[in-house]
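Colleague: This is the structure I want to talk about, given as structure tokens.
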Amino acid sequence: MQKRDAWYIADSDSEDIAASIKEDGKKAGFEEDNDPRCPHIPFTAAEERQYCIEWRSTLVVKALGRSVSYTGISKRLNDMWARAGGIQVSSVKNGYYMVRFTSRIHYERALTGGPWMMGDNYLTVHMWDKHFRPYNHEISSTLVWARLLHIPIHFFHRDAVMKIGSRIGKLLRMDQATTTGARLDYARVCVQVDLTKPLLSRFKFHGGHILHPV
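See the structure below:
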């Protein structure tokens, strides 16, 4: 017996899919043929969550300043990240590449371990989310490692550094020396900053201390 192609859809399966679409449309309050020229295809929230699972450990990567080939960036990403675990690189629109990791730990290291470069060009690295649309996506944020200078010694506490770092942007990580207290001349945090807003060069906190993130 010939092995069936994994992508082959039997007539009975096609009928089941059509029936499921019709039933889901009723549950969602949509009439199946309210506009025959543009029929609605319903998906439940549970279905969407299920489809997102395989993309949870995916990064969106783009080289700033120039267009790069799939072969070139795939080789560079594998050189940087594949040693730490398997990755799959896929090209999408407008110079974006999706990088899927087999290991969550290695995904997080790639996310926060930059800056990453390809030649003289900076690679932007972002977490994938379901709202990402490569055809109209604009880079509005980026990850940076910031050094927090002039912190009073007694504020070198995990909770205090997290609170300070969160004022700069979305806090993702502190380096090991900051976490363990092995270095007390500055704290170092990885944050996601909003590029559509002015970058703040100083902050005032408890006791009137002026903090200069660099």
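Under full-length UniProt numbering, the residue at position 143 of the sequence shown is numbered 143, and the numbers go up by one with no gaps.
We treat Cβ as the ideally placed atom computed from N, Cα and C, and that holds for glycine.
Quantities reported herein were computed from a predicted structural model and do not represent experimental measurements.
With DSSP run on the structure shown, which of helix, strand or coil describes A82?
Modeller: The sequence position of residue 82 within the sequence shown is 82, counting from 1. Judged by DSSP in its simplified three-state form, A82 adopts helix.
Colleague: Taking a contact to mean a Cβ-Cβ separation below 8 Å, would you say H106 touches W145 in this structure?
Modeller: As a working note, residue 106 is residue 106 in the sequence shown. As a working note, residue 145 is residue 145 in the sequence shown. Not in contact: H106 and W145 (Cβ atoms no closer than 8 Å).
Colleague: Nearest to C190 by CA position, among L200, T180 and L111, is which residue?
Modeller: As a first step, residue 190 is located in the sequence shown; it is residue number 190 there, counting from the start. C190 has its Cα closest to that of L111, out of L200, T180 and L111.
Colleague: If you draw a straight line from the alpha carbon of R76 to that of V89, how long is it in whole angstroms?
Modeller: As a working note, residue 76 is residue 76 in the sequence shown. As a working note, residue 89 is residue 89 in the sequence shown. For R76 and V89, the distance between alpha carbons rounds to 11 Å.
Colleague: Mind checking who V144 pairs with in its DSSP beta bridge?
Modeller: Residue 144 sits at position 144 when you count from the first residue of the sequence shown. Per DSSP, the beta bridge partners of V144 are V191.
Colleague: Three-state secondary structure (DSSP) at V89?
Modeller: Within the sequence shown, residue 89 is the residue found at index 89, counting from 1. Secondary structure at V89: strand, using DSSP grouped into helix, strand and coil.
Colleague: Tell me which residue opens and which closes the beta strand (DSSP E) that A182 is part of.
Modeller: Within the sequence shown, the letter at position 182 stands for residue 182. Careful: A182 lies outside any beta strand (DSSP E) and carries neither H nor E.
Colleague: Applying the 10 Å Cβ sphere with the 16-neighbour rule, what's the burial state of Y97?
Modeller: Stepping through the sequence shown from its first residue, residue 97 is reached at position 97. Buried is the call here.
Colleague: May I have the straight-line CA-CA distance separating E47 from I53, to the nearest angstrom?
Modeller: Sequence index remark: in the sequence shown, residue 47 carries index 47 (1-based). Sequence index remark: in the sequence shown, residue 53 carries index 53 (1-based). Computed Cα separation, rounded: 10 Å.
Colleague: Please say whether P134 and N94 have beta carbons closer to each other than 8 Å?
Modeller: Within the sequence shown, the letter at position 94 stands for residue 94. Within the sequence shown, the letter at position 134 stands for residue 134. Result yes, Cβ atoms of N94 and P134 sit closer than 8 Å.
Colleague: Tell me where the alpha helix (DSSP H) around Y107 begins and ends.
Modeller: Counting from one through the sequence shown, the residue named residue 107 turns up at place 107. Y107 -> alpha helix (DSSP H) spans R104 to T112.
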